[in-house]
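*Asks:*
Protein chains in written order, with my numbering: chain A, 1 to 317; chain B, 1 to 511.
1) Give me the Cβ distance between residue 158 of chain B and residue 94 of chain B, rounded to the nearest whole Å; I'm assuming they're in contact under 8 Å.
2) What does residue 155 of chain A touch in chain B if you count any residue whose Cβ is under 7 Å from its own?
3) Do the region 123–141 of chain A and the region 174–190 of chain B touch if we need at least three Cβ pairs shorter than 8 Å?
4) Can you name the residues of chain A whose CB is closer than 7 Å to the CB of residue 234 of chain B?
5) Name the chain A residues that come within less than 7 Å of residue 52 of chain B, Cβ to Cβ?
6) Going along chain A in order, which residues have a C-beta closer than 7 Å to the C-beta of residue 395 of chain B?
7) According to the neighbour-count rule (16 or more other Cβ atoms, all chains shown, within 10 Å of its Cβ), is residue 495 of chain B buried or exposed?
8) Would you check if the distance between the CB atom of residue 49 of chain B and the CB atom of residue 137 of chain B is smaller than 7 Å?
9) By Cβ distance, which residues of its chain are closer than 7 Å to residue 275 of chain A, with the 5 residues on each side in sequence left out?
10) Less than 7 Å between C-beta atoms, sequence neighbours within five positions excluded: which residues of the same chain meet that for residue 24 of chain B?
11) Taking 7 Å as the threshold (C-beta atoms), are residue 73 of chain A and residue 241 of chain B in contact?
12) Is the distance from the Cβ of residue 195 of chain A to the Cβ of residue 238 of chain A below 7 Å?
13) Tell me where the alpha helix (DSSP H) around residue 143 of chain A begins and ends.
14) According to the neighbour-count rule (16 or more other Cβ atoms, all chains shown, within 10 Å of its Cβ), is residue 499 of chain B buried or exposed?
15) When burial is assigned at 16 or more other CB atoms within 10 Å of the CB, is residue 107 of chain B buried or exposed?
16) How big is the Cα-Cα spacing for residue 76 of chain B and residue 400 of chain B?
17) Buried or exposed, going by whether 16 or more other CB atoms sit within 10 Å of the CB of residue 26 of chain B?
18) Give every residue of the same chain whose Cβ lies closer than 6 Å to the Cβ of residue 308 of chain B, excluding the five residues on either side of it in the sequence, and list them in chain order.
19) Mind checking who residue 488 of chain B pairs with in its DSSP beta bridge?
20) Residues in the same chain with beta-carbon distance under 6 Å from residue 289 of chain B, minus the five sequence neighbours each way, listed in chain order, please.
21) According to DSSP, is residue 191 of chain B helix, strand or coil?
22) Would you mind stating whether residue 36 of chain B and residue 227 of chain B have Cβ atoms separated by less than 7 Å?
23) On the DSSP letters alone, give me the boundaries of the beta strand (DSSP E) that residue 37 of chain A sits inside.
24) Taking Cβ positions only, does residue 383 of chain B come closer than 7 Å to chain A?
25) Going by DSSP, what residue range makes up the beta strand (DSSP E) through residue 68 of chain A?
26) Can you have a look at residue 104 of chain B and say buried or exposed, based on whether 16 or more other CB atoms are within 10 angstroms of its CB?
27) Determine contact between the region 409–421 of chain B and the region 277–284 of chain B, defined as no fewer than three beta-carbon pairs at a distance below 8 Å.
28) Should the region 327–347 of chain B be regarded as contacting the region 453–465 of chain B, the criterion being three or more beta carbon pairs within less than 8 Å?
29) Would you say residue 142 of chain B and residue 130 of chain B are within 7 Å of each other, going by their C-beta atoms?
30) Cutting at 8 Å between CB atoms, please list the residues of its own chain near residue 150 of chain B, excluding the five before and the five after it.
31) What are the boundary residues of the beta strand (DSSP E) that includes residue 198 of chain B?
32) List the residues of chain B that residue 148 of chain A touches, going by C-beta distances under 9 Å, in chain order.
33) The region 246–275 of chain B: which residues have C-beta closer than 7 Å to a C-beta of chain A, in chain order?
34) Thinking C-alpha only, which one of B:406, B:346, B:366 and B:297 is nearest residue 338 of chain B?
35) Which runs of the beta strand (DSSP E) at least 3 residues long sit entirely within the region 404–466 of chain B? Give them in chain order.
36) Would DSSP call residue 91 of chain B helix, strand or coil?
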């Protein structure tokens, strides 16, 4: 089977499992959207009536396959809570979450790569040790705490950036960036640590290779050896981690969006869970799952771009 | 909402036992026109069609009262003042109330506001086909509009509480344009039309709701502000930081640390509102051993309510011996409350003669558990064993409604009149009488409270009632409903936070 077809089949199977599992988990949750809508003191008749209107009285599997059928044609249903189409709700909030994750990733890489390169210049040296300690410090810090610390530092104390809220790009690029700096920093400052450690260790291995010795023997300066010869072959694990870390980033985004009051997909999901808005949760999780799998698929493709040998092997098999 | 929910965690250094009115803002000079105000609330809005939204959180009432209005209003002393209705008068026995509608009021879409619109709003909520749960609390049979300026409320029986009930802004009493709701269908929930001081402009989900000054508002001087933005800021520390930074000028707050901090900050002002209702601990009078009055009294006397409230809420939440609250106008000289006396409780248990074991059902939240743990510790001193059963909130409601519990946690919400809740909770025929309490004299007093048009008679009835309830130890009052808002020092004119909502119709800014 061609590689691409295999990937697509894998994607379909993963999505089926993820959505079915989500459906079951959300169904096990105690609570009922009908009670959320009608209030604590609604009569049992009203609750039964609303459940019937929403189609919640049918067996779970029937509902799941019904949902799956529409989902395949791009319709994720309407929120039980407020009737908003789920696809619309996700698309409205997607730009915020995407921007948050891209900016966080850029910040993380922007710190991780230079720090890793500087560290391997003298492994075990002062800079290496300081950067390792800093990395563990940030890694140990929960993002909700880091977020609040950054708010108190940059908003309250130095009055540089807004504490909460989101300004869309249509209202000015700088205003938009201003509102996203602290949330992205909160995610990025934790994310860079893993990337840096992985890259550092791969760089150290690469630096022992013969072609590095050759480069040095040619008299190339240290920075050229590192940037032009060592960095690219050392980036494979880094890129794998980048893909896999999207999951962690999405989890982090849920919390960061809540702290900074950003209208993103994470907050949509959280609201859906609190309201037992099953169909919203289902649609959002399916969407995130597709995103996760597609990004990792793209990461696989990136290997091929970085290393012709991979391209050769994978696309022929 | 059940007791020991998130609001149980509020706290701060307010002295226990506030005098009425608990709400006070420094008096300022004459109001100034202009300016924009941003309010930070806790959660996003359910929407603004009561049928679709079902319930309004206090965040939603804060937003909805920008563009919706009630028929009557209450000042901070609890006096009724006219709003969309100029007056409300009862017939002889209070079974029919006639509202004179304010003339020349217009909806934001330009159509005239009439008595028919009032009738349409309430009849829509009362229609069983719409399944509006709040209708259980409405004692209205139907509303008619004989002419454009007269709305006639036909009650299910004599009812003295109607004008006050209609004066508190809630999902029921804030009047929407049914005509616009029918025209817009499902979109109305996100595009409300009202008569209020501000016109709805925009709602970006989970981000902000914007409303602008209504230039055609019937109260010519108001509102003073040009624009109001309401932003859901779910994280309380970030919400507080946004206020300190000045991104928002008012926040609703329930976190003790922030309230205590704000009181020390000269740039901020803390608004405090002790509402009616209370956090309560209902005892099931139909289950052994709580069907024995001695055991219930022992539980009541073993519970150190004041000390517990001080521990759980850093002394912020006042504890009263009734669920009426300082702003209800009901002040009882003698509430018949049983004093904290673990020794006497122990004797009552000894008198009962059998070992007493109780199960307390609470929400599976840190606050639910904390509340149950202090209860458990107090009971131990009187020789009563308590097992804690943490459950999901909906499960707790289910068990309470089906009377399938011994001891639980609950909340009587803050309403302008005590009748709807007291009647629902303690009348022997009420389906919401969780405790299964059955007392003919209590039923009679509840009816006096509901039907008497003589305010003094009503107050006396509620005072007699509380004596019986306290002596019988049916529900224990573990703390008042209390709400806080924090404002920048230049914000003025925000009235008492009824139901936890921040209302800014009369708010104004100085530099």
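Positions of the beta carbon are idealized from the N, C-alpha and C atoms, including for glycine.
*Replies:* In brief:
1) For the purposes of this step, residue 158 of chain B is taken as the residue at position 158 of the second chain. For the purposes of this step, residue 94 of chain B is taken as the residue at position 94 of the second chain. Correct: roughly 4 Å between the Cβ atoms.
2) Residue numbering aside, residue 155 of chain A sits at position 155 when the first chain is read from its first letter. Result: 241 and 245.
3) no
4) Here residue 234 of chain B is taken as the residue at index 234 of the second chain, counted from 1. Within 7 Å Cβ-Cβ: 258 and 261.
5) Within the second chain, numbered from 1, the residue matching residue 52 of chain B stands at position 52. Those are 82 and 83, listed as they occur along chain A.
6) In the second chain, residue 395 of chain B corresponds to position 395, counting from 1. Those within 7 Å of residue 395 of chain B in chain A are 30.
7) Counting from one through the second chain, the residue named residue 495 of chain B turns up at place 495. Label assigned to residue 495 of chain B: buried.
8) In the second chain, counting from the first residue as 1, residue 49 of chain B sits at position 49. In the second chain, counting from the first residue as 1, residue 137 of chain B sits at position 137. No, they are not a contact pair.
9) Translated into positions along the first chain, residue 275 of chain A becomes position 275. So the qualifying residues of the chain are 33, 36 and 81.
10) Counting from 1 along the second chain, the entry for residue 24 of chain B is found at position 24. Note that residue 24 of chain B scores a pLDDT of 44, beneath 50, so its modelled location is shaky; the value from the coordinates is reported in the next line. Around residue 24 of chain B: no qualifying Cβ.
11) If you number the second chain from 1, residue 241 of chain B lands on position 241. If you number the first chain from 1, residue 73 of chain A lands on position 73. No, Cβ-Cβ distance for residue 241 of chain B and residue 73 of chain A is not below 7 Å.
12) The count along the first chain starts at 1 and reaches residue 195 of chain A at position 195. The count along the first chain starts at 1 and reaches residue 238 of chain A at position 238. Against a cut-off of 7 Å, the Cβ pair of residue 238 of chain A and residue 195 of chain A comes out as a contact.
13) Numbered from 1 along the first chain, position 143 holds the residue referred to as residue 143 of chain A. From DSSP, the alpha helix (DSSP H) with residue 143 of chain A extends over 143–150.
14) Indexing the second chain from 1 puts residue 499 of chain B at position 499. Buried: at least 16 other Cβ atoms inside 10 Å.
15) In the second chain, residue 107 of chain B corresponds to position 107, counting from 1. With 16 or more other Cβ atoms within 10 Å, it is buried.
16) As a position in the second chain, residue 76 of chain B is number 76, starting the count at 1. As a position in the second chain, residue 400 of chain B is number 400, starting the count at 1. If you take the alpha carbons of residue 76 of chain B and residue 400 of chain B, they lie about 34 Å apart.
17) Walking along the second chain from the start, residue 26 of chain B turns up at place 26. Note that residue 26 of chain B scores 49 on pLDDT, short of 50, meaning its location in the model is unreliable; the coordinates nonetheless yield the value given after this. That one is exposed.
18) Sequence index remark: in the second chain, residue 308 of chain B carries index 308 (1-based). So the qualifying residues of the chain are 374.
19) Translated into positions along the second chain, residue 488 of chain B becomes position 488. B:268.
20) The count along the second chain starts at 1 and reaches residue 289 of chain B at position 289. Cβ within range, chain order: 295 and 356.
21) By 1-based counting over the second chain, the position of residue 191 of chain B is 191. Residue state, collapsed to three classes: coil.
22) If you number the second chain from 1, residue 36 of chain B lands on position 36. If you number the second chain from 1, residue 227 of chain B lands on position 227. Contact: yes.
23) Start at 1 with the first residue of the first chain, and residue 37 of chain A comes out as number 37. From DSSP, residue 37 of chain A is part of no beta strand (DSSP E) but of the alpha helix (DSSP H) over 33–38.
24) The residue you call residue 383 of chain B lines up with position 383 of the second chain. So, not an interface residue.
25) As a working note, residue 68 of chain A is residue 68 in the first chain. Element bounds for residue 68 of chain A: not the beta strand (DSSP E) but the alpha helix (DSSP H), 60–72.
26) For this step, residue 104 of chain B is matched to residue 104 along the second chain. Per the 10 Å Cβ criterion, exposed.
27) yes
28) yes
29) To locate residue 142 of chain B, count along the second chain from 1; it is residue 142. To locate residue 130 of chain B, count along the second chain from 1; it is residue 130. No, these two residues do not count as a Cβ contact at 7 Å.
30) Against the second chain, residue 150 of chain B aligns to sequence position 150. Result list for residue 150 of chain B: 98, 99, 100, 101 and 115, in chain order.
31) Numbered from its first residue, the second chain carries residue 198 of chain B at position 198. 198–204 is the span of the beta strand (DSSP E), which, as asked, contains residue 198 of chain B.
32) If you number the first chain from 1, residue 148 of chain A lands on position 148. Here the neighbours are 235, 237, 238 and 241.
33) 247
34) One-based indexing of the second chain puts residue 338 of chain B at position 338. Here the closest residue by C-alpha is B:297.
35) 410–412
36) Locating residue 91 of chain B in the second chain gives position 91, counting from the first residue. Three-state DSSP puts residue 91 of chain B in coil, outside helix and strand.
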